[in-house]
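If you count by our numbering, then the sequence shown holds residues 1 to 307, one letter each, in order.
Built from N, CA and C at the ideal position, the CB exists for glycine as well.
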Amino acid sequence: MSPAEIARVSFASAELTGAEVLALPDAVVQDRWRRRLHAVPSLRAQRFLVEHADVGGEPLAAAVAAVRPGQTGQIYSLATAPTHRQRGMATALLARLEARLVDAGCAAVQAVYRTDLRSLVAVETVLAKRGWDPSRPAQYLFRGTATVLDTPTFQNLTLPDGCTLFDWAALTLRDQAALEAEVGRSIPRVLSPFQQPDRLDAACSVGARCGGVVAGWMLLHRTGPEGLRQYTSLWVRPDFVGTSLALVLLRTAIERHAAATPDGAGLFEVDAGNRVMLNLARRRLRLIPEVTLRVAGKRLRPDRVGF
């Protein structure tokens, strides 16, 4: 932008909850992130740092971040109105947001974004201008249908001795209390079975009991178009790793999903470092990643260990 144009721009800072951001109909934020705010109640309650710019009350651009556990800043949205792109607005707002994150005590900042973004090149250009480290794959998003049931992987599977399957909707309060006590210990928080309960597809989700104790689950959540499900959390107790239990749970969930929808179309994300699940998806189920989630980072305070 020219000096004259910059002089007309009004920059403002705010701290808002996700719900308050949604209540601003003219706010310039990415549509994908706005949909995520609608879908995830915990995000609507979280407080965000917001930087925005306008001219004469007309929104030009906005940048949104939050301080995550471990004092790491997380960029959630970086958007510019179509008529004002390629004029340095996003770069300017990102710089302001980085400064606020430093003031909030953050040693580093990161952004996770999908490779199917229409603005992918623009986003990576802005990050490079601000001196961010090159991005790297964080997760792969696979899409599959019930046809994966025809692969050799799912043939001739049997439950381990002493194990039975149950509808996840039948999880007892006693089971729930026992599992909640193990989240963050034997159960990784990212695989907690209690995330996003309002989106859980209890009819397709399945659990396993072995010796009377919950030993695993495959949970599905509703997402996107009707019938599309995300295979969110597959977990088995450590002593059942290497057995057929995980595959039986996955097969059963796919069968239930296929019975409830036309083609059983499903999505699941696999961390880039999870070689076991990547091998299952790519080689054994013969799936090709549809989208890659990439993570980029920047150290904000050289005196601290950063991202």
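What distance in whole Å lies between the Cβ atoms of THR115 and ARG294, which are believed to be in contact at a cut-off of 8 Å?
-> 6 Å
Simplified DSSP state of PHE307, which is helix, strand or coil | Bear in mind that the predicted position of PHE307 carries a pLDDT of just 40, short of 50, making it too unreliable to give a figure here.
Hey, LEU191 and SER233 are a contact pair by Cβ (cut 8 Å); roughly how many whole angstroms apart?
-> Yes, they are in contact, since the Cβ atoms of LEU191 and SER233 sit about 5 Å apart, within 8 Å.
Residues in its own chain within less than 7 Å of LEU285 by CB, not counting five upstream and five downstream?
-> GLY144, VAL148, THR151, THR153
CA-CA distance, ARG36 and PRO197?
-> Looking at the backbone, the Cα of ARG36 and that of PRO197 are separated by about 15 Å.
Just reading off the beta strand (DSSP E) that TRP309 is part of, what are its end residues?
-> Examination of residue 309 is not possible in this model, given that the chain is present from 1 through 307 alone.
Roughly how many whole angstroms lie between the Cα atoms of ARG47 and ARG87?
-> 29 Å
Relative to the C-alpha of LEU93, which residue among LEU247, VAL123, VAL213, ALA45 is closest?
-> VAL123
Any chance you could list the alpha helix (DSSP H) runs of at least 4 consecutive residues sitting entirely within the stretch 81–110, in chain order?
-> 89–103
What's the C-alpha gap between LEU220 and GLN74?
-> 26 Å
Nearest-angstrom Cα distance between GLY273 and ALA170?
-> 33 Å
Beta strand (DSSP E) runs wholly inside the stretch 112–148, at least 3 long, in chain order = Listed in chain order, they are 136–144.
Select from PHE11, THR164, PRO188, GLU98 the residue whose C-alpha is nearest the C-alpha of ILE54.
-> What sits at residue 54 in the sequence shown is Asp, not Ile. The candidate whose alpha carbon is nearest that of ASP54 is PHE11.
What residue does the beta strand (DSSP E) around ARG68 start on, and which one ends it?
-> 58–68
With DSSP collapsed to three states, give me the class of PHE11.
-> strand
Own chain partners of LYS129 with C-beta closer than 8 Å, once the 5 adjacent residues on each side are dropped | THR91
Give me the Cα-Cα distance between ASP167 and GLN155, rounded to the nearest whole angstrom.
-> 22 Å
Buried or exposed: ALA181, going by 16 or more other Cβ atoms within 10 Å of its Cβ?
-> exposed
For ILE288, which option in GLU269, ARG301, ARG185, LYS298 has the closest C-alpha, if you only look at C-alpha atoms?
-> GLU269
Helix, strand or coil at LEU159 according to DSSP, with G and I counted as helix | Note: LEU159 maps to coil in three-state DSSP.
State whether the stretch 61–78 contacts the stretch 99–110, with contact taken as three or more CB pairs (one from each stretch) at a distance under 8 Å.
-> yes
Can a CB atom of chain B be found closer than 8 Å to the CB of LEU293?
-> This model lacks chain B altogether; it includes just one protein chain.
State yes or no: is the C-beta of VAL9 within less than 8 Å of the C-beta of LEU78?
-> no
For THR158, collect the residues of the same chain with a Cβ closer than 6 Å to its Cβ; drop the 5 residues on either side in sequence, then sort them by chain order.
-> none
Integer-rounded CB distance, given that LEU249 should sit under 8 Å from TRP217 = Between LEU249 and TRP217 the Cβ distance is about 7 Å, and since that is below 8 Å, they are a contact.
Nonlocal neighbours in the same chain, by C-beta distance under 7 Å from VAL183, ignoring five residues either side | ARG189, SER192
In angstroms with no decimal places, state the Cα-to-Cα distance between ASP103 and GLY264.
-> 48 Å
Which of the three DSSP states, helix, strand or coil, is assigned to PRO289?
-> strand
Buried or exposed: where does VAL305 fall if 16 or more other Cβ atoms within 10 Å of its Cβ makes it buried?
-> Its pLDDT being 45, under 50, VAL305 is placed unreliably by the model, and the measurement read from it follows with that caveat. Answer is exposed; the Cβ neighbour count stays below 16.
Quick one: what's PHE268 bridged to in DSSP?
-> PHE142
Do ALA253 and VAL206 have their C-beta atoms within less than 8 Å of each other?
-> yes
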